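So the protein lines, in turn, are chains A and B. Using the working numbering, the first residue of the first sequence is number 1, and each one after it goes up by one. Using the working numbering, the first residue of the second sequence is number 270, and each one after it goes up by one. Where a beta carbon is used, it is the ideal one built from N, C-alpha and C, also for glycine. In this text the structure is predicted, and so the values were computed from the model without any measurement. For reference, the structure discussed in these notes is given below.
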Amino acid sequence: MCVTVDDATTSDGAGSARRARTPALAARSVVKEFGQVRALRGASFEAMAGEVTALIGDNGAGKSTLVKCMSGVHPPDGGTIEVDGKAVQLSSPIDAERLGIETVYQDLALAPDLDAASNVFLGREIRRFKIIYDQAAMRRQTAKSFADLGVGMVQDLRVPVASFSGGQRQSVAIARAAMWAQHVILLDEPTAALGVIQTAKVLDLIRRVRDRGLAVIFISHNLPQVLEVSDHIEVLRLGARVARFEQGEADVDRLIAAISGAFTNEVAA
Amino acid sequence: MSDIQDEAAETQHVIGQAEVAAIDATVEGDAVPEVAAEGAGVAVDTKPAWWRRLLASPVIMTFFFLIVTMVIFSVLAPGTFNTVTNIQLLALNVAILTVVSVGTTFVIATAGIDLSIPSGIVLGEVFAVKALSLIQVGSGTAADVPADQTKLWYIIVALAGSLAAGLILGLVNGFTVGYLRIPPMLATLGTLGAGLGIALLMQNGVNIATYALNPVATGQLIPGLDNLILIGLVVVVIGYVGMHKAVFGRHTLAIGSSEEAASRVGLNVERHLLKVYTVGGLASGLGGFLAVAYFSTTSVAGHSTDNLSAITAVALGGTSLFGGVATIIGTLIGVWIPAVLQNGFIIVGVQPYWQMVAVGVVLILAIYADQLRRRARNRR
Numbered sequence: 001m002c003v004t005v006d007d008a009t010t011s012d013g014a015g016s017a018r019r020a021r022t023p024a025l026a027a028r029s030v031v032k033e034f035g036q037v038r039a040l041r042g043a044s045f046e047a048m049a050g051e052v053t054a055l056i057g058d059n060g061a062g063k064s065t066l067v068k069c070m071s072g073v074h075p076p077d078g079g080t081i082e083v084d085g086k087a088v089q090l091s092s093p094i095d096a097e098r099l100g101i102e103t104v105y106q107d108l109a110l111a112p113d114l115d116a117a118s119n120v121f122l123g124r125e126i127r128r129f130k131i132i133y134d135q136a137a138m139r140r141q142t143a144k145s146f147a148d149l150g151v152g153m154v155q156d157l158r159v160p161v162a163s164f165s166g167g168q169r170q171s172v173a174i175a176r177a178a179m180w181a182q183h184v185i186l187l188d189e190p191t192a193a194l195g196v197i198q199t200a201k202v203l204d205l206i207r208r209v210r211d212r213g214l215a216v217i218f219i220s221h222n223l224p225q226v227l228e229v230s231d232h233i234e235v236l237r238l239g240a241r242v243a244r245f246e247q248g249e250a251d252v253d254r255l256i257a258a259i260s261g262a263f264t265n266e267v268a269a
Numbered sequence: 270m271s272d273i274q275d276e277a278a279e280t281q282h283v284i285g286q287a288e289v290a291a292i293d294a295t296v297e298g299d300a301v302p303e304v305a306a307e308g309a310g311v312a313v314d315t316k317p318a319w320w321r322r323l324l325a326s327p328v329i330m331t332f333f334f335l336i337v338t339m340v341i342f343s344v345l346a347p348g349t350f351n352t353v354t355n356i357q358l359l360a361l362n363v364a365i366l367t368v369v370s371v372g373t374t375f376v377i378a379t380a381g382i383d384l385s386i387p388s389g390i391v392l393g394e395v396f397a398v399k400a401l402s403l404i405q406v407g408s409g410t411a412a413d414v415p416a417d418q419t420k421l422w423y424i425i426v427a428l429a430g431s432l433a434a435g436l437i438l439g440l441v442n443g444f445t446v447g448y449l450r451i452p453p454m455l456a457t458l459g460t461l462g463a464g465l466g467i468a469l470l471m472q473n474g475v476n477i478a479t480y481a482l483n484p485v486a487t488g489q490l491i492p493g494l495d496n497l498i499l500i501g502l503v504v505v506v507i508g509y510v511g512m513h514k515a516v517f518g519r520h521t522l523a524i525g526s527s528e529e530a531a532s533r534v535g536l537n538v539e540r541h542l543l544k545v546y547t548v549g550g551l552a553s554g555l556g557g558f559l560a561v562a563y564f565s566t567t568s569v570a571g572h573s574t575d576n577l578s579a580i581t582a583v584a585l586g587g588t589s590l591f592g593g594v595a596t597i598i599g600t601l602i603g604v605w606i607p608a609v610l611q612n613g614f615i616i617v618g619v620q621p622y623w624q625m626v627a628v629g630v631v632l633i634l635a636i637y638a639d640q641l642r643r644r645a646r647n648r649r
């Protein structure tokens, strides 16, 4: 099942230094089956605080399934998820949020008719007298946090997000996640639907989120983009990790080789 | 889309939003250059600001229409239409529909619909009278006492009966829509028929008169203001706070806007829908209580189009049938438009059937305006 190459241990120098640290979020030999389909066959994954970790792989490699296991959408059938080195049970996205893990989905999941501040605080409203929400306070905090993150493109916090561009909406979604995440942000193809300029802005935002000390996990199909923004890259193939790269170790050809199974630096599990 | 087109679209959008953006440049710091860039957009736009504001706000548009209509009738029938008595009569006539429509606004805000309003009203009426007839007074029951011998606790018992009817209906609607995932139009079509059937069974198809609740409608806690109007206003205020100030309303709008988004941030969509349809049911039940109080009789066949009246009022007011956008004040205005047209046509001697035609046309125009607004907003 797992592709093995004899020189698998070659580029392990950086890897062992890395293993001395405790990952903010890790998956250990996670198995997930959907009926007859084994989407994850003992997949492992590690993301460190203060780093952008890219998760790449071909369609069907299990990236989205792995992300869903780590964000509480799908409970794994086997293996463990660890937060700060401690094994955790994630049976719903709410569990993940309580542990400081926020997910930004491909399709954004903002309520288009609500304004940015309302979306940011949706489900976690600042309340007065228990039932009334404090819009002014929520707007203030949102404006402050957007300014801190440099999300300057959202010019007006009072208009519905439906009138924003794709990039602005993606920025709102990421900024929302960054506001609430204590440890980890999972981004599932955050730039897939964006133009070049908007993509650049979103990547900048991702770096700023990382610089606040969060572990950022980033799924993308765009390899140049992955190389540009990632501190660490993990490659998934056929439901298991086949390669890991530190920044500077990889190029597009090598990533393609890993994705397609021609290269691995992972010891077979 | 290439990034050049993308930027072009951004500029276009800026023109549409320029007015709002100019009023409040909310985000400081990094946003400032962006806001400045939009200043260029403002100069290009030649439409007057008041016109854009009018088109941007359905409530203002409907209010404008209502005022124009009232002015026209005042000019055509001076001293008849524009009298305090006539306006009070109008307010009295719309009060019950206002109460019901406020509840419906919450349902429609979730992109739902409640067709079962007539059964809520009729069951509310029947339960109120049944509750009264449980109380023995002399040789008869509380339902038989004249208006001047009624007691507060009779009224409270009747109200409890009506609200129980509305609660049951609302819970059934909310459960079928929220948990069984039956499309709201069909779920409430089912409870419309079933509820009316139950009301007819309970009454054997016969209406019962009672005067015991009259003070609720025509009494005056505040001198000069009929209680019915006062109750309508109180319900509007509660609805306004519930929709526009409370977390409940915010979650209602979020679910109407995108159920997916609402459930991903951890809102319990099923339970919230149950609550929203319960609010709708309670409003209908209360409407039934007020109807018995005002008309002094149940009316098992008399409310069959009240659902359409309420939905019309809500839609006229600017609440979007697609969910996510709602306005209680708009509903209050929307309730008045059909009533003013009817009353005005009668007073100026036009066949009152024209009211139905006029309301139909205005309704379609209002919804078309909502579509245009949505399309303009979702331009990209």
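Open item on the list: Within the continuous beta strand (DSSP E) that includes R38/A, where are the two ends?
Closed with: Here the beta strand (DSSP E) through R38/A covers V37 to A47.
TODO: Return helix, strand or coil for H221/A, following the three-state DSSP convention.
DONE: coil
Open item on the list: DSSP three-state label for E276/B, please.
Closed with: Confidence in E276/B is poor, its pLDDT being 41 and thus under 50, which makes the residue's placement too unreliable to answer from.
- [ ] Note down, in chain order, every chain A residue with its Cβ under 7 Å from the Cβ of L522/B.
- [x] D113 and L114
Open item on the list: If contact is defined by three or more beta carbon pairs under 8 Å, each pair taking one atom from either stretch, is the region 600–610 of chain B in contact with the region 337–355 of chain B?
Closed with: yes
- [ ] Helix, strand or coil for K68/A, going by three-state DSSP, please let me know.
- [x] helix
TODO: Starting from G57/A, follow its DSSP beta bridges and name the residues at the other end.
DONE: L236/A
TODO: To the nearest angstrom, report how far apart V184/A and D113/A are at their CA atoms.
DONE: 28 Å
TODO: With a cut-off of 8 Å on the beta carbons, I'd call Q611/B and Q620/B a contact; round off their distance for me.
DONE: Not really, about 11 Å apart at Cβ, beyond 8 Å.
- [ ] Taking only beta-carbon positions, decide if S118/A is within less than 8 Å of chain B.
- [x] Yes, S118/A lies at the interface with chain B (some Cβ there is under 8 Å from its Cβ).
- [ ] Confirm, please, whether the CB-CB distance from N483/B to S568/B is below 8 Å.
- [x] no
- [ ] Anything in the region 520–551 of chain B with a Cβ closer than 7 Å to a Cβ of chain A? List those residues in chain order, please.
- [x] Answer set for the region 520–551 of chain B: L522, A523, S526, S527, E529, A530, A531, R533, V534, G535 and L536.
Open item on the list: On the criterion of 16 or more Cβ atoms from any shown chain inside 10 Å, does I498/B qualify as buried, or is it exposed?
Closed with: buried
Open item on the list: Does K544/B come out as helix, strand or coil in the three-state DSSP assignment?
Closed with: helix
- [ ] Can you give me, in chain order, the residues of the region 431–464 of chain B that have a beta carbon less than 9 Å from any beta carbon in chain A?
- [x] none
Open item on the list: Quick check on DSSP: helix, strand or coil for S165/A?
Closed with: coil
TODO: Within 10 angstroms of the Cβ of A47/A, are there 16 or more other Cβ atoms? Answer buried if so, exposed if not.
DONE: buried
- [ ] Kindly indicate if chain B contains any beta-carbon less than 8 Å away from that of G100/A.
- [x] no
Task: Under 8 Å by beta carbon: chain B residues contacting R127/A - done: By Cβ distance, chain B contributes V516.
Task: Test item: CB-CB of V52/A and A43/A under 8 Å - done: no
Open item on the list: Distance cutoff 8 Å, beta carbons only. Does E82/A sit that close to anything in chain B?
Closed with: no
Open item on the list: Using the three-state DSSP reduction, which class does K32/A fall into: helix, strand or coil?
Closed with: strand
Task: Where Y105/A falls: helix, strand or coil (DSSP) - done: Looking at Y105/A - three-state DSSP - the assignment turns out to be coil, as it is neither helix nor strand.
Open item on the list: For a cutoff of 8 Å on Cβ pairs, would you count N473/B as touching chain A?
Closed with: no
Task: Entirely enclosed beta strand (DSSP E) segments - the region 150–214 of chain A, minimum 3 residues - done: 184–188
TODO: Compute the distance between the beta-carbons of A61/A and F45/A, then report whether it is under 8 Å.
DONE: With contacts defined by Cβ atoms closer than 8 Å, A61/A and F45/A do not form a contacting pair.
Task: C-alpha gap between V485/B and A147/A, whole angstroms - done: 55 Å
Open item on the list: Taking the straight line between their C-alpha atoms, what separation do you get for A463/B and N119/A?
Closed with: 39 Å
Task: Close Cβ partners of G308/B (< 6 Å) along its chain, the five nearest in sequence each way excluded - done: Any answer about G308/B is weak, because its pLDDT of 33 lies below 50 and its placement is not dependable; what the coordinates show is given next. Closer than 6 Å at Cβ, skipping near neighbours: no residue.
Open item on the list: Can you tell me where the beta strand (DSSP E) holding T80/A begins and where it ends?
Closed with: G78 to V83
Task: Within 9 Å of chain D by C-beta, residues of the region 177–190 of chain A in sequence order - done: Of the protein chains in the structure, A and B, none is chain D.
- [ ] Closer than 7 Å by beta-carbon distance: list the chain B residues that pair up with I256/A, in chain order.
- [x] Those within 7 Å of I256/A in chain B number zero; the least Cβ separation is about 26 Å.
- [ ] Identify whether D115/A lies in helix, strand or coil by the three-state DSSP scheme.
- [x] It is a strand residue.
Open item on the list: For a test of the three-state rule: what should DSSP assign to G554/B, helix, strand or coil?
Closed with: helix
TODO: Just the chain B side, please: which residues come within less than 8 Å of P93/A by C-beta, in chain order?
DONE: Near P93/A (Cβ distances below 8 Å), the residues of chain B are R533 and G535.
TODO: Determine the direct distance from the alpha carbon of I633/B to that of T574/B, and round the result to whole angstroms.
DONE: 18 Å
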